[in-house]
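Chemist:
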Amino acid sequence: MKLAWREIKNSKVRFIILGSIVFLVSLLTFIISGLANGLSADNASLIKDLPEGHIFMSEDADEMYNMSRIDRGTEKKLLNEREDASVFSIQMGFMNDGNEKQHSVAFVTSTGSDLFNHVEAGEVILDRSFEGEGIQVGDVLTNNQFSGEFIVKGFVDQKKFSHAPVAYINIDNYREMYRVEEMQLAFIPEGESSFEIAGLQSFTNQEFLNTIPSYSAEQMSLNMIVWFLVIISGMLFGIFFYMMNVQKIGLYGILKAIGLKTGDLFKMMWTQMLFITFISLVLSAVISQVFNGIAPEGMPFNLTMETTVQLSVVFLITGFIGSTISGIQIKKVEPLQAIQQGEV
Amino acid sequence: MSIFTMDKVKKSFTNGEVEEEILKGISLTLKEGEITALVGASGSGKSTLLTIAAGLQNASEGKIIFEGENINALNQEQIRKIRAKEFGFVFQFAHLVPFLTVEEQLMLMLDIAESKLVKKDRVREVERILELVEMDHRKTAYPSSLSGGEKQRVAVARAMIHQPKILFADEPTASLDSKRSKDVMTLIRNLTKEQKVTTLMVTHDEEMLTYADHVINMRDGVVFKEESAGVY
Ligand SMILES: Nc1ncnc2c1ncn2[C@@H]1O[C@H](COP(=O)(O)OP(=O)(O)OP(=O)(O)O)[C@@H](O)[C@H]1O
Ligand SMILES: [Mg+2]
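For the protein sequence lines, the chains are P and L, in the order given.
For the first sequence, counting from 1, position 1 maps to 1 in this note's numbering; every step adds exactly one.
For the second sequence, counting from 1, position 25 maps to 25 in this note's numbering; every step adds exactly one.
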């Protein structure tokens, strides 16, 4: 619609200011959301990378995975019944390298499922972050609870738990180190939600993640910031168009008097809002994607195109709501009022 | 049947507790193609009458018949359509759109009036009317760079470009000096005569009555005197 463009062209500065604020707010939102996602991967990619399914803990574990024990009988029954099921354990611990340097790791072991890596006794597969610390295939690592040694068999990409790199070890080594027979957790991919096992409590992957204390605290605060920013941007539009509209009440009255539809005034505002938001979002999406590409190795940053698009849609919707609410005053303008007010 | 009549129109406003009747039963007829001037003391209800006639506010009672239809009984959207297509407006101030050039103001009016002209004819029509109001040399100017008289001439052009049947003007010259007032009035007179537009104009200025065909004198909410004016 012509009025919308002509006004933008004529009041460039105002619209550029609004656009740059929207740009900055949305860029910040994208960056923080990338950080939230990156941190979440850094915290728990081991779990996040599992296919959709259910994780089971013993009921008496009180939702703490390291208190959970799945007794051998249940384990057997489960693995017989569902051949895609897997039982596994996670224990936080340390490994020492040849230079007596200590590395904190999350030891993971499991029964034969290809969702987890498997090694022979005395071997270990590590998260690739170890490579950056100078560990190579064939190196020997030790653990003070373990009599033998671990030979590094290989590396896997991005497998973390509780911010520690994962070390896949053999189930027998695990039993020796932690002096337990039972595994902690069971996983059934795509399990019907009604799948019940006596004595076990079922969690979706996401629900399980939320039982990890550091995970939920971290994600909650970051997500809260993201939503605050989204709401702020909506209010920004509301306030901006409110001020623009207040200044133009006289003009709106005249336009209504000479017969312009109220709907056309709304369309004018929506066009402007969409135009500004679209340009700002494209800019901040491009910049945040570039940042995604060049973010330094150690920085947990991961912004998918999907998240960017989703957030952009949310921005458009809040912008729409914000401007529309402030546009209610347009509807209230009486043509008469403006004429009697004199020059606009 | 005449094009526009008002029949026993009343209008009251409530100020707090008290209800005040501003128009106390006004009946009048606008003669087709003539300029009817509405005069009277300040506060006598001239603007109120004009805005009711133009469908900008409702009468409390009475009929306003435009082309056989009582516009006081129409809904907002129906009245808007009539205002857009059949009426033209000039007010004390030009009220131009600040971010449109002179020619764009007129194009906008053609849009609002849903003019049937194609683009090429619209451009020609804008040219024509700008020549008539002697603003063709400023067609790409913005209102902020025009003088008061120039703005008002553009406002007159805007009120006439869509070939309205009735022109409503509320003190169209009140913001102008005597020379500019005469220019604008001459313009209104020439344009309305040329396009056979029926005009209702409120004025304070005795001098402006010389441009009218017909004068209606109001006092305290009633028509006090009606006379034909000698054209100057
Ligand atoms: N919306 C309203 N609410 C209450 N009173 C109103 C309203 N509009 C007009 N009035 C009153 O109606 C009376 C007539 O007003 P109107 O504007 O029609 O006078 P007028 O003849 O045009 O005067 P002027 O020559 O000064 O323009 C005034 O006393 C005014 O205060
Ligand atoms: Mg008045």
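The beta-carbon is built from N, C-alpha and C at its ideal position, and this holds for glycine as well.
Short of 7 Å in beta carbon distance, which residues of its chain neighbour M269(P), apart from the five on each side in sequence? Order them along the chain.
Modeler: Stepping through the first sequence from its first residue, residue 269(P) is reached at position 269. If we look at M269(P) and ignore the five residues flanking it on each side, its Cβ neighbours are F241, S323, G327.
Chemist: Starting from the N-terminal side, write out each stretch of the alpha helix (DSSP H) that is 4 residues or longer and does not extend beyond the segment 76-154 of chain P.
Modeler: Runs found: 129-132.
Chemist: S40(P): buried (16+ other C-beta within 10 angstroms of its C-beta) or exposed?
Modeler: Mapped onto the first sequence, residue 40(P) falls at position 40. When all chains shown are included, S40(P) counts as buried.
Chemist: Around ligand 1, what residues have a beta-carbon under 5 Å from a heavy atom of it, in chain order?
Modeler: Ordered along the chain, the selected set is F13(L), I22(L), S42(L), G43(L), S44(L), G45(L), K46(L), S47(L), T48(L).
Chemist: If you follow the alpha helix (DSSP H) that R235(L) is in, where does it begin and where does it stop?
Modeler: Not covered by the structure: residue 235(L). The range shown for chain L is 1 to 232.
Chemist: Considering only heavy atoms of ligand 2, does any lie closer than 7 Å to the CB of D170(L)?
Modeler: The residue labelled residue 170(L) in the question sits at position 170 within the second sequence. Flag set: Cβ of D170(L) near ligand 2.
Chemist: Closer than 9 Å by beta-carbon distance: list the chain P residues that pair up with L49(L), in chain order.
Modeler: Stepping through the second sequence from its first residue, residue 49(L) is reached at position 49. Ordered by position in chain P, no residue passes the 9 Å Cβ test against L49(L), which lies about 13 Å from the chain.
Chemist: Quick one: what does DSSP say F301(P) is sitting in, helix, strand or coil?
Modeler: Here residue 301(P) is taken as the residue at index 301 of the first sequence, counted from 1. Three-state DSSP puts F301(P) in coil, outside helix and strand.
Chemist: Could you please give the first and the last residue of the uninterrupted beta strand (DSSP E) stretch that includes A295(P)?
Modeler: Your numbering for residue 295(P) matches position 295 in the first sequence. Run containing A295(P): none; DSSP gives neither H nor E here.
Chemist: Using DSSP with H/G/I as helix, E/B as strand and the rest coil, what is S44(L)?
Modeler: As a position in the second sequence, residue 44(L) is number 44, starting the count at 1. The answer is coil: DSSP assigns S44(L) none of H, G, I, E or B.
Chemist: With the cut-off set at 8 Å, would you say A167(P) and V124(P) are in Cβ contact?
Modeler: Looking up residue 167(P) in the first sequence gives position 167. Looking up residue 124(P) in the first sequence gives position 124. Their beta carbons are under 8 Å apart, which means A167(P) touches V124(P) by this criterion.
Chemist: With DSSP collapsed to three states, give me the class of A35(L).
Modeler: Along the second sequence, one-based indexing puts residue 35(L) at 35. For the record, residue 35(L) in the displayed sequence is Ile; it is not Ala. Three-state DSSP puts I35(L) in a strand.
Chemist: Given a cut-off of 8 Å, decide if T111(P) and L79(P) are closer than it, judged by their beta-carbon atoms.
Modeler: Stepping through the first sequence from its first residue, residue 79(P) is reached at position 79. Stepping through the first sequence from its first residue, residue 111(P) is reached at position 111. Yes; because the gap between Cβ atoms is below 8 Å, this pair is in contact.
Chemist: Let's test the definition: count the other Cβ atoms within 10 Å of the Cβ of R219(L) and tell me whether it reaches 16, buried, or not, exposed.
Modeler: For the purposes of this step, residue 219(L) is taken as the residue at position 219 of the second sequence. The residue is exposed, with fewer than 16 neighbouring Cβ atoms inside 10 Å.
Chemist: Let me confirm a value: P213(P) is counted as buried when at least 16 other C-beta atoms fall within 10 Å, else exposed. Which label applies?
Modeler: Within the first sequence, numbered from 1, the residue matching residue 213(P) stands at position 213. P213(P) should be labelled exposed.
Chemist: How many Å lie between T5(L) and K165(L) at the Cα?
Modeler: Position 5 of the second sequence holds residue 5(L). Position 165 of the second sequence holds residue 165(L). Using only the alpha carbons, I get a separation of about 14 Å.
Chemist: Taking its Cβ as the centre, do 16 or more other Cβ atoms sit within 10 Å of K331(P), making it buried, or is it exposed?
Modeler: Working through the first sequence from its first residue, we reach residue 331(P) at position 331. Exposed, because fewer than 16 other Cβ atoms sit within 10 Å of the Cβ of K331(P).
Chemist: Any C-beta of chain L sitting closer than 8 Å to the C-beta of I249(P)?
Modeler: Here the question's residue 249(P) lines up with position 249 in the first sequence. It does not: the Cβ of I249(P) has no partner Cβ on chain L nearer than 8 Å.
Chemist: Taking 8 Å as the threshold, find out whether the segment 32-44 of chain L comes into contact with the segment 190-204 of chain L through three or more Cβ pairs.
Modeler: As far as the Cβ criterion goes, the segment 32-44 of chain L touches the segment 190-204 of chain L, which means the pair count is three or higher.
Chemist: Following a CB-centred definition, is V202(L) positioned closer than 7 Å to any heavy atom of ligand 2?
Modeler: Along the second sequence, read from residue 1 onward, the residue named residue 202(L) stands at position 202. Flag set: Cβ of V202(L) near ligand 2.
Chemist: Can you find a CB in chain P that lies within less than 8 Å of the CB of Q57(L)?
Modeler: Counted from its first residue, the second sequence places residue 57(L) at position 57. Yes, contact with chain P.
Chemist: So, is the C-beta of A53(L) closer than 8 Å to a C-beta in chain P?
Modeler: Locating residue 53(L) in the second sequence gives position 53, counting from the first residue. No - not a single Cβ of chain P is within 8 Å of the one on A53(L).
Chemist: Is the beta carbon of D205(L) closer than 8 Å to that of S181(L)?
Modeler: The sequence position of residue 181(L) within the second sequence is 181, counting from 1. The sequence position of residue 205(L) within the second sequence is 205, counting from 1. Yes, these two residues count as a Cβ contact at 8 Å.
Chemist: Given a threshold of 16 other Cβ atoms within 10 Å of its Cβ, counted over all protein chains shown, does R128(L) qualify as buried or as exposed?
Modeler: Counting from 1 along the second sequence, the entry for residue 128(L) is found at position 128. Exposed, because fewer than 16 other Cβ atoms sit within 10 Å of the Cβ of R128(L).
Chemist: Considering only DSSP beta bridges, list what I216(L) is partnered with.
Modeler: Here residue 216(L) corresponds to residue number 216 of the second sequence, with the count starting at 1. Note: I216(L) sits in a beta bridge opposite L38(L), E226(L).
Chemist: Considering Y215(P), what are the terminal residues of the alpha helix (DSSP H) in which it resides?
Modeler: For this step, residue 215(P) is matched to residue 215 along the first sequence. Where Y215(P) is concerned, the enclosing alpha helix (DSSP H) stretches over 213-247.
Chemist: Would you give the residue range spanned by the beta strand (DSSP E) that Q201(P) belongs to?
Modeler: In the first sequence, the residue the question calls residue 201(P) occupies position 201. First-last of the beta strand (DSSP E) with Q201(P): 200-204.
Chemist: Apply the 10 Å Cβ neighbour rule to N15(L) and answer buried if 16 or more other Cβ atoms are within range, or exposed otherwise.
Modeler: Your numbering for residue 15(L) matches position 15 in the second sequence. Result: exposed.
Chemist: Which chain P residues sit within Cβ distance under 9 Å of M109(L)?
Modeler: Here residue 109(L) corresponds to residue number 109 of the second sequence, with the count starting at 1. Neighbours of M109(L) on chain P, chain order: I258, G259.
Chemist: Fully enclosed by the segment 114-180 of chain L, which beta strand (DSSP E) runs are 3 residues long or longer?
Modeler: Entirely contained in the segment 114-180 of chain L, the beta strand (DSSP E) runs reaching 3 residues are, in chain order, 166-170.
Chemist: Could you compute how far the alpha carbon of L346(P) sits from the alpha carbon of F107(P)?
Modeler: Here chain P comprises residues numbered 1 to 344, so residue 346(P) is not present and cannot be evaluated.
Chemist: Closest Cβ-Cβ distance between I112(L) and chain P: below 8 Å?
Modeler: Position 112 of the second sequence holds residue 112(L). Chain P, which has a Cβ nearer than 8 Å to the Cβ of I112(L), makes this yes.
Chemist: For chain L, find out if any of its Cβ atoms is closer than 8 Å to the Cβ of P165(P); answer yes or no.
Modeler: Here residue 165(P) is taken as the residue at index 165 of the first sequence, counted from 1. Output row for P165(P): interface = no.
Chemist: Could you name the residues of chain L that L336(P) contacts, counting a contact when the two beta carbons are closer than 8 Å?
Modeler: Numbered from its first residue, the first sequence carries residue 336(P) at position 336. Correct list: T51, L56, Q57.
Chemist: Show which residues of chain P have a CB atom less than 8 Å away from the CB atom of R83(L).
Modeler: Here residue 83(L) corresponds to residue number 83 of the second sequence, with the count starting at 1. Near R83(L) (Cβ distances below 8 Å), the residues of chain P are A257, I258, G259.
Chemist: Going by beta-carbon coordinates alone, are A94(L) and V18(L) separated by less than 8 Å?
Modeler: If you number the second sequence from 1, residue 94(L) lands on position 94. If you number the second sequence from 1, residue 18(L) lands on position 18. No, the Cβ-Cβ distance between A94(L) and V18(L) is not below 8 Å.
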